[in-house]
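To start, the structure itself, in C-alpha cells.
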Amino acid sequence: MMSEKLPEAEVIKRKSNYLRGTILDGLADRTTGSLPEDDTKLTKFHGSYQQDHREVRDERRRQKLEPLYQFMVRLRLPGGVLTADQWLGLDKIADECADSTLRLTTRQTFQFHGVFKEQMQPFMQKIHALGLDSRGACGDVNRNVISNVNPHQSQLHGEIHELSLAISERLRWRSAAYAEVWLGEECVQKLGEEEEPFYGYKYLPRKFKIALAVPPENDCDVFANDIGLIAIVEAGQILGFNVVVGGGMGLTYGDPATYPRLATMAGYVPKEQIVDACEAICAIQRDFGDRTNRAHARFKYTIDDYGMDWFRERFVENHGQAFEKPRSFSLSHNGDRFGWVEGEDGNQHLTLLIPTGRVADTENGLLRTALRKIAEIHDGSFRITCNQNLVIANVSPKNKAAVDAIVEEYKLDAGNRSSPLRQNSMACVALPTCGLAMAEAERFLPEFVTRVERAMAKEGLEPDAINLRITGCPNGCARPYLGEIALTGKAPGKYNLYLGADFSGQRMNRLYRENIDTDTILSELRPLFRAYQQQREAEERFGDFLVRAGIVEQERTPAMLHQPLK
Numbered sequence: 002m003m004s005e006k007l008p009e010a011e012v013i014k015r016k017s018n019y020l021r022g023t024i025l026d027g028l029a030d031r032t033t034g035s036l037p038e039d040d041t042k043l044t045k046f047h048g049s050y051q052q053d054h055r056e057v058r059d060e061r062r063r064q065k066l067e068p069l070y071q072f073m074v075r076l077r078l079p080g081g082v083l084t085a086d087q088w089l090g091l092d093k094i095a096d097e098c099a100d101s102t103l104r105l106t107t108r109q110t111f112q113f114h115g116v117f118k119e120q121m122q123p124f125m126q127k128i129h130a131l132g133l134d135s136r137g138a139c140g141d142v143n144r145n146v147i148s149n150v151n152p153h154q155s156q157l158h159g160e161i162h163e164l165s166l167a168i169s170e171r172l173r174w175r176s177a178a179y180a181e182v183w184l185g186e187e188c189v190q191k192l193g194e195e196e197e198p199f200y201g202y203k204y205l206p207r208k209f210k211i212a213l214a215v216p217p218e219n220d221c222d223v224f225a226n227d228i229g230l231i232a233i234v235e236a237g238q239i240l241g242f243n244v245v246v247g248g249g250m251g252l253t254y255g256d257p258a259t260y261p262r263l264a265t266m267a268g269y270v271p272k273e274q275i276v277d278a279c280e281a282i283c284a285i286q287r288d289f290g291d292r293t294n295r296a297h298a299r300f301k302y303t304i305d306d307y308g309m310d311w312f313r314e315r316f317v318e319n320h321g322q323a324f325e326k327p328r329s330f331s332l333s334h335n336g337d338r339f340g341w342v343e344g345e346d347g348n349q350h351l352t353l354l355i356p357t358g359r360v361a362d363t364e365n366g367l368l369r370t371a372l373r374k375i376a377e378i379h380d381g382s383f384r385i386t387c388n389q390n391l392v393i394a395n396v397s398p399k400n401k402a403a404v405d406a407i408v409e410e411y412k413l414d415a416g417n418r419s420s421p422l423r424q425n426s427m428a429c430v431a432l433p434t435c436g437l438a439m440a441e442a443e444r445f446l447p448e449f450v451t452r453v454e455r456a457m458a459k460e461g462l463e464p465d466a467i468n469l470r471i472t473g474c475p476n477g478c479a480r481p482y483l484g485e486i487a488l489t490g491k492a493p494g495k496y497n498l499y500l501g502a503d504f505s506g507q508r509m510n511r512l513y514r515e516n517i518d519t520d521t522i523l524s525e526l527r528p529l530f531r532a533y534q535q536q537r538e539a540e541e542r543f544g545d546f547l548v549r550a551g552i553v554e555q556e557r558t559p560a561m562l563h564q565p566l567k
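In terms of this note's numbering, the sequence shown opens at residue 2 and continues consecutively.
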C-alpha cells in the first residue's frame, strides 16, 4: 500500500524553507501573470489558489497569449464573525483588488476571485490593515475553524466563537514567510528558534478541518470534519464536547479506495481541555498520516487504516488523558433559520439568504450595495453561516427599523421571497475559474432549483425543505454527500445523482444514477416525488422516505458511493 517515493507536493513543502519558496521572485516577475508551479503549491498555505479563466483559454491561445491567470484568495475567519467596519473594508477591497464580488463559503469565510498577480501583495496588506489574514485558509494545515452561528443561541454562540478562535490560533502555522512575502517585513530568522514548533518543516499530510456544533443544530455538518466537536450543554452552560473524528468529503471517480466518510465517535472531553485535545488529535495525523499517497492522506484514511482503538491509545499518549464516555445529544436541523430572531440580551439577529454565497450587484438585484448600506448603519457584527448565508447579528432595537427599510428597499430575502427548497440549496464555485471543475455548479444551481420546484409542483408537492447540493467535481466543497439530493459534475452538462442522506447531517447519501444530463435527472426525480407525495408519513423528510420505502438502502459503504443503484 505504501510507496517509498514521496509525492511532489510533499517534496516541495520540505524544500520550501518554511513556505517561502521563491514566491517573492515570482511576484516580482511581470513577464507573466503566473507564478512558478512549485510556488503555486506553496501559496495555497498562504490562502490562495492560482487559477485561470477557462472560458477564454481557446481565444487567448489563438492570439498566442498565455492563459488569463488570476488568483482566488480565501480568508482565515474562525467562526465566520467580522465587524461592520471589516465588512466595509472587504467590500472596498473587492473593487480595488478583485472582481467586484465577495463570495461567502461553506466554511464561514470569504473568497475573492479575479485577483491578478500584481494585486496580490496590495490585497494581503489591505486585509492585514483590517485585522484579518489568509494564513492557512488553504494548504496542508488546519483550515478555517467553523462553528454554530444560529442566532437564537446568542449567549452560547459567544462562547463557541471564543473556542473557535482559540483552536484556530493554537493550530495556526507560525513561519515568518507570510509577513515577509505579503507584508514586506524583513527576513529575520532567529537562531535556535523553531519556526514551526507544532507543524515542523513537513506540515500535515493533507488539509485538516474542525467544526463545532451546538445541538440540536448541525448547520456546520459536524460529522463531515476531521474533528467534530458536539457541545454538551446543561442549564445554559457548555460543559464539554463529544469528539468525533475522521470525517471528510471527497472521492476520486473510479477509485474505490477513496470515499467520503462520516466522523466516528471518540468520546467526551471537558470544555477546559478541548483546545489541547484538538492539538493532540491533529498531532496524530501529523505523525501517522500517509505522506506517500496524497489520495490516501486525509485523516479519515488514517483512522480506517489503524482503527479507533489505536487512535484512542495515541490520544492518551499525546493528551495525557483518555476520552470519557460520550454524553447523550440530539441533532435535528441542518440548515439556517431565516428572518428575525431575538437573542437573550434583547438584540436582534437577521438571517438573509445569499444565493450560492455570491455577494454582487447584478441585473437581478443590488445585493452588494444593500449589504454595504446595512454595514454603514450597523452597530453589531456579521456572521457567515456554513450554508453560504449571512446573519446581521446583534442589531440594537433602535436600528432594527433602519435595517428593515434597507431589506425592503432592495428586496433582500429573509426567507420570505424563496421556497424552503431554494433556502436549503448549496453549490461550489466550479466553472469558469476552478481548475478541478468538470461541470457547472454555482451558475447552474438557480435554474436547476426552479426546474426541481416545477417538477415537485406537478406531483402535487410544495417545494419542501430538501437539502440539495451541487458540486462541479467529486471533491465535495459543498458537502454533496450529505445532500438528500446531490449532483457532482462528471462532464459539461453531466452529473452523478446521489440520494438518501438525512436532513440532520448524520447519514450520507449513495450513488443513484451516473453521468446523466439535467433532463434525465429530473425524469428520475419525478416518480420519487410522486411516491413521496402519496406515501410519506407526517413530518417525514425526503431522504428518510427514500430509505423507508426501500428506494435507497439504509446501509452506507464506500462502494455505494461509487456504484450506481441501477
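Cβ coordinates follow ideal geometry from the N, Cα and C atoms, glycine included.
Per DSSP, what kind of secondary structure is E318 in: helix, strand or coil? The sequence position of residue 318 within the sequence shown is 317, counting from 1. E318 falls in the helix class under three-state DSSP.
Cα-Cα separation between F199 and K93, rounded to whole angstroms: Translated into positions along the sequence shown, residue 199 becomes position 198. Translated into positions along the sequence shown, residue 93 becomes position 92. Looking at the two C-alpha atoms, the distance is approximately 36 angstroms.
Rounded to whole angstroms, what is the Cα-Cα separation between L230 and G436? On the sequence shown, position 229 is the one that residue 230 refers to. On the sequence shown, position 435 is the one that residue 436 refers to. In this structure, the CA atom of L230 is about 32 angstroms from the CA atom of G436.
Tell me the start and end of each unbroken alpha helix (DSSP H) in the stretch 117-159 that is at least 4 residues and wholly inside, in chain order. 118-130
Using only alpha-carbon positions, find the residue among L422, A479 and D465 that is nearest to I471. In the sequence shown, the residue the question calls residue 471 occupies position 470. For I471, the nearest C-alpha among the options comes from A479.
Would the beta-carbon of L131 fall within 9 angstroms of that of D86? Start at 1 with the first residue of the sequence shown, and residue 131 comes out as number 130. Start at 1 with the first residue of the sequence shown, and residue 86 comes out as number 85. Cβ distance < 9 angstroms, so L131 and D86 count as in contact.
Please report the residue range of the alpha helix (DSSP H) in which N400 lies. For this step, residue 400 is matched to residue 399 along the sequence shown. P398 to E410 is the extent of the alpha helix (DSSP H) around N400.
Where the beta strand (DSSP E) through L469 begins and ends: Taking the first residue of the sequence shown as 1, we reach residue 469 at position 468. Note, L469: beta strand (DSSP E), L469 to T472.
Tell me whether F111 sits in a helix, a strand or coil according to DSSP, three-state version. Looking up residue 111 in the sequence shown gives position 110. In this structure, F111 counts as strand in the three-state DSSP scheme.
CA-to-CA distance, K567 to L483, given in whole angstroms: Here residue 483 is taken as the residue at index 482 of the sequence shown, counted from 1. Here residue 567 is taken as the residue at index 566 of the sequence shown, counted from 1. Their backbone Cα atoms lie some 21 angstroms apart in a straight line.
Proximity winner among V223, G249, D220 and P216, relative to I233 (alpha-carbon distances): As a first step, residue 233 must be located in the sequence shown, where it is residue number 232. The shortest C-alpha separation from I233 is found at P216.
So, using beta-carbon positions, are T110 and N145 closer together than 9 angstroms? Taking the first residue of the sequence shown as position 1, residue 110 is located at position 109. Taking the first residue of the sequence shown as position 1, residue 145 is located at position 144. Yes, the pair counts as a contact, with Cβ atoms nearer than the cut-off.
Alpha-carbon to alpha-carbon, F445 and I161: Along the sequence shown, read from residue 1 onward, the residue named residue 161 stands at position 160. Along the sequence shown, read from residue 1 onward, the residue named residue 445 stands at position 444. Each residue's alpha carbon lies about 35 angstroms from the other.
Count the other CB atoms within 10 Å of the CB of V430; is the residue buried (16 or more) or exposed (fewer)? Counted from its first residue, the sequence shown places residue 430 at position 429. It counts as buried.
Would the stretch 488-506 and the stretch 307-324 be scored as touching if the rule is three or more Cβ pairs under 8 angstroms? Segment contact: the stretch 488-506 against the stretch 307-324, fewer than three CB-CB distances shorter than 8 angstroms; contact not assigned.
Put Y499 into one of helix, strand or coil per three-state DSSP. The residue labelled residue 499 in the question sits at position 498 within the sequence shown. Strand at Y499.
Between I147 and the rest of its own chain, which residues show a CB-CB distance below 6 angstroms, the 5 nearest in sequence each way excluded? Against the sequence shown, residue 147 aligns to sequence position 146. Same-chain partners within the cutoff: R108, Q109, A212, C221 and C387.
In the DSSP assignment, what are the bridge partners of V244? Locating residue 244 in the sequence shown gives position 243, counting from the first residue. The partner list for V244 (beta bridge, DSSP) reads L230 and G268.
Nearest candidate by alpha-carbon position, reference F339, set H297, V270, S419 and E273: For the purposes of this step, residue 339 is taken as the residue at position 338 of the sequence shown. Ranking the options by Cα distance to F339, first place goes to S419.
Leaving aside the five residues before and after G193 along the sequence, list all residues of the same chain whose C-beta is less than 7 angstroms from its C-beta, in chain order. Reading the sequence shown from its first residue, position 192 is the one you call residue 193. Because G193 carries a pLDDT of 49, less than 50, the predicted location of this residue cannot be relied on, and no value is offered for it.
Should I275 go down as buried or exposed, given a rule of 16 or more other Cβ atoms within 10 Å for buried? Within the sequence shown, residue 275 is the residue found at index 274, counting from 1. So I275 counts as buried.
Which residue comes first and which comes last in the alpha helix (DSSP H) that contains Y307? Translated into positions along the sequence shown, residue 307 becomes position 306. F300 to Y307 is the extent of the alpha helix (DSSP H) around Y307.
Those residues which DSSP pairs with F72 across a bridge: Counting from one through the sequence shown, the residue named residue 72 turns up at place 71. The partner list for F72 (beta bridge, DSSP) reads Q51 and V116.
Can you say whether S524 is buried or exposed, counting buried as having 16 or more other CB atoms within 10 angstroms of its CB? Walking along the sequence shown from the start, residue 524 turns up at place 523. Per the 10 Å Cβ criterion, exposed.
On the three-state DSSP scale, how would you describe A539? For the purposes of this step, residue 539 is identified with residue 538 of the sequence shown, where counting begins at 1. Of the three classes helix, strand and coil, the one that applies to A539 here is coil, per DSSP.
Note down, in chain order, each residue of its chain lying with its Cβ closer than 6 angstroms to the Cβ of A442, except the 5 sequence neighbours on either side. Your numbering for residue 442 matches position 441 in the sequence shown. Taken in chain order, the residues that qualify are A428, C429, A431, I471, T472 and G473.
Less than 9 angstroms between the C-beta atoms of V245 and T265, yes or no? For this step, residue 245 is matched to residue 244 along the sequence shown. For this step, residue 265 is matched to residue 264 along the sequence shown. In contact: V245 and T265 (Cβ atoms closer than 9 angstroms).
Using the beta-carbon count (16 or more within 10 Å), is V116 buried or exposed? Position 115 of the sequence shown, counting from 1, holds the residue named residue 116. Answer is buried; the Cβ neighbour count reaches 16.
T33: buried (16+ other C-beta within 10 angstroms of its C-beta) or exposed? Here the question's residue 33 lines up with position 32 in the sequence shown. Counting Cβ neighbours within 10 Å, T33 comes out exposed, since fewer than 16 surround it.
Taking 9 angstroms as the threshold (C-beta atoms), are R549 and I467 in contact? Translated into positions along the sequence shown, residue 467 becomes position 466. Translated into positions along the sequence shown, residue 549 becomes position 548. Not a contact, by the Cβ cut-off of 9 angstroms.
Keeping to the same chain, check which residues put their C-beta closer than 7 angstroms to that of P123; ignore five residues upstream and five downstream. Within the sequence shown, numbered from 1, the residue matching residue 123 stands at position 122. Cβ within range, chain order: C98.
Touch check for the stretch 235-249 and the stretch 296-310: three-plus C-beta pairs under 8 angstroms? yes
Nearest-angstrom Cα separation, counted from K374 out to A267: The residue given as residue 267 occupies position 266 in the sequence shown. The residue given as residue 374 occupies position 373 in the sequence shown. For A267 and K374, the distance between alpha carbons rounds to 46 angstroms.
For C188, does the count of other Cβ atoms within 10 angstroms reach 16, so buried, or fall short, so exposed? Position 187 of the sequence shown, counting from 1, holds the residue named residue 188. That one is exposed.
Tell me the rounded alpha-carbon separation between Q555 and R328. Counting from 1 along the sequence shown, the entry for residue 555 is found at position 554. Counting from 1 along the sequence shown, the entry for residue 328 is found at position 327. Q555 and R328: Cα-Cα distance of roughly 25 angstroms.
Cut-off 7 angstroms between Cβ atoms - residues of its own chain near Y202, not counting five sequence neighbours on either side: Along the sequence shown, one-based indexing puts residue 202 at 201. Correct list, in chain order: R15 and Y19.
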